[in-house]
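Enquirer:
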Amino acid sequence: MKRIIKPALFALAVLPGSAVVAHSVSIGGKADGNLLMMALGAIAGGIFLFYRGWGYFHRKKCIEDIPTSKIRSVAMGVVEVNGKTLPKHELKTPYSQTDCVIYKYLKEKYVCHHTSRGRQCSWKKIDDGTSVMPFYVNDDTGRVLVEPLNIEIHADRRYHTKTGHGEGALRFSEWFIMPRETVYVMGRAGKSDDARSGKKMKLLARLEELKKNKEAMAHCDTNKDGTVDSMEWEIAMQQITGELEREELQKPVDGLADVSISCGNENEPFIISDKSEKELVGSLRIKSVFAISGGTLLFLAGTFYIILKFGN
Numbered sequence: 004m005k006r007i008i009k010p011a012l013f014a015l016a017v018l019p020g021s022a023v024v025a026h027s028v029s030i031g032g033k034a035d036g037n038l039l040m041m042a043l044g045a046i047a048g049g050i051f052l053f054y055r056g057w058g059y060f061h062r063k064k065c066i067e068d069i070p071t072s073k074i075r076s077v078a079m080g081v082v083e084v085n086g087k088t089l090p091k092h093e094l095k096t097p098y099s100q101t102d103c104v105i106y107k108y109l110k111e112k113y114v115c116h117h118t119s120r121g122r123q124c125s126w127k128k129i130d131d132g133t134s135v136m137p138f139y140v141n142d143d144t145g146r147v148l149v150e151p152l153n154i155e156i157h158a159d160r161r162y163h164t165k166t167g168h169g170e171g172a173l174r175f176s177e178w179f180i181m182p183r184e185t186v187y188v189m190g191r192a193g194k195s196d197d198a199r200s201g202k203k204m205k206l207l208a209r210l211e212e213l214k215k216n217k218e219a220m221a222h223c224d225t226n227k228d229g230t231v232d233s234m235e236w237e238i239a240m241q242q243i244t245g246e247l248e249r250e251e252l253q254k255p256v257d258g259l260a261d262v263s264i265s266c267g268n269e270n271e272p273f274i275i276s277d278k279s280e281k282e283l284v285g286s287l288r289i290k291s292v293f294a295i296s297g298g299t300l301l302f303l304a305g306t307f308y309i310i311l312k313f314g315n
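Quick note on the numbering used here: the sequence shown kicks off at 4 and runs consecutively.
(1) So, under 8 angstroms CB-CB, Y108 and Y98 are touching, yes? Tell me the CB distance rounded to an integer number of Å.
(2) Do E177 and R161 have their beta-carbon atoms positioned less than 8 angstroms apart in this structure?
(3) In the DSSP output, what is R209 paired with across the bridge?
(4) If we count Cβ pairs, one from each stretch, closer than 8 angstroms, do we get three or more for the region 297-306 versus the region 42-58?
(5) DSSP three-state call for E218: helix, strand or coil?
(6) Just to confirm the assignment, what range does the beta strand (DSSP E) spanning E282 have?
(7) On the three-pair Cβ rule with 8 angstroms, is the region 179-194 touching the region 218-232?
(8) What is the DSSP secondary structure of L94, reduced to helix, strand or coil?
(9) Roughly how many angstroms separate the alpha carbons of T164 and I105, rounded to a whole number?
(10) To the nearest angstrom, how far is it from the Cα of P70 to the Cα of V82?
(11) If we call anything under 8 angstroms between Cβ atoms a contact, is V231 one with M240?
(12) Here's the rule: buried if 16 or more other CB atoms are within 10 angstroms of the residue's CB, otherwise exposed. What is T88?
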């Protein structure tokens, strides 16, 4: 849905405005066209900022509405937990090679180009990414696996360096969370990928054993026609699945052994932060207020100019 809304909002602002600009240039010249382009940019920027601010507000509201759970009592669904990070596998940041449980990185290049206003230079993103290696969050009641694909990281930039000078220079940035640091995590609790794949492999292995056992296959042939048809095979699969489930229930293991916190649907926040819940809510509140109010002012300013220009 987000992939549709953003282009739609941009088109809503840009397409009508482009026609207005073209008309203005044909009548009033280049100066009027430039002013109208600025007004159009203000309208498009205002819509974008308002949309971004609404996203901040939605995340803030979700965090406030969902109570923090002890890890031992985590239920299936959207949850939030606090605890210390524990690595499941060794992980290092790509540039500083720092031990961590999760990171995101940014690589930028200083590029220059010539415009009607002269030579203009700026930093351009050429690479970025986020780690997807699972890790644990632990509190005094237990631990739970976090599968961070598509997670939103709220952490301070902890590494920043630059190589070269002038055009072509590169700079590198990293945001990361280290082992044993206290974090806040919000996401959807459910069966982990490891647990789902493990159960599937057990089922396939048990079915292979069944195929090799002639006596067991004969027992599956309930109508005694000499072959196991699709209906009889389905019944055999259900019986083996039931046996595996009963075996799992009899195991004296941690109740969270096959549970993880991961990304839910696109409307559910999936967040990790090295700040407390209170600090995170405060930061999102400030961002939402500035983005919504700033976007509204930009939109009104651009619209007001166009109305003044063409209202007569």
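For each residue, glycine too, the CB sits at the ideal point set by N, CA and C.
Expert: Answer, in terms of the structure:
(1) As a position in the sequence shown, residue 108 is number 105, starting the count at 1. As a position in the sequence shown, residue 98 is number 95, starting the count at 1. That pair is a contact at about 6 angstroms.
(2) The residue given as residue 161 occupies position 158 in the sequence shown. The residue given as residue 177 occupies position 174 in the sequence shown. A contact, by the Cβ cut-off of 8 angstroms.
(3) Taking the sequence shown and counting its residues from 1, one reaches residue 209 at position 206. Per DSSP, none; premise fails for R209.
(4) yes
(5) Walking along the sequence shown from the start, residue 218 turns up at place 215. E218 falls in the helix class under three-state DSSP.
(6) If you number the sequence shown from 1, residue 282 lands on position 279. Following the DSSP letters along the chain, one finds E282 in no beta strand (DSSP E) but inside the alpha helix (DSSP H) bounded by residues E280 to F313.
(7) No contact exists between the region 179-194 and the region 218-232.
(8) Translated into positions along the sequence shown, residue 94 becomes position 91. Note: L94 maps to coil in three-state DSSP.
(9) The residue you call residue 164 lines up with position 161 of the sequence shown. The residue you call residue 105 lines up with position 102 of the sequence shown. Straight-line Cα distance between these residues: approximately 20 angstroms.
(10) Along the sequence shown, read from residue 1 onward, the residue named residue 70 stands at position 67. Along the sequence shown, read from residue 1 onward, the residue named residue 82 stands at position 79. Near 8 angstroms, if we compare the C-alpha coordinates of V82 and P70.
(11) Counted from its first residue, the sequence shown places residue 231 at position 228. Counted from its first residue, the sequence shown places residue 240 at position 237. Contact: no.
(12) Reading the sequence shown from its first residue, position 85 is the one you call residue 88. So T88 ends up on the buried side.
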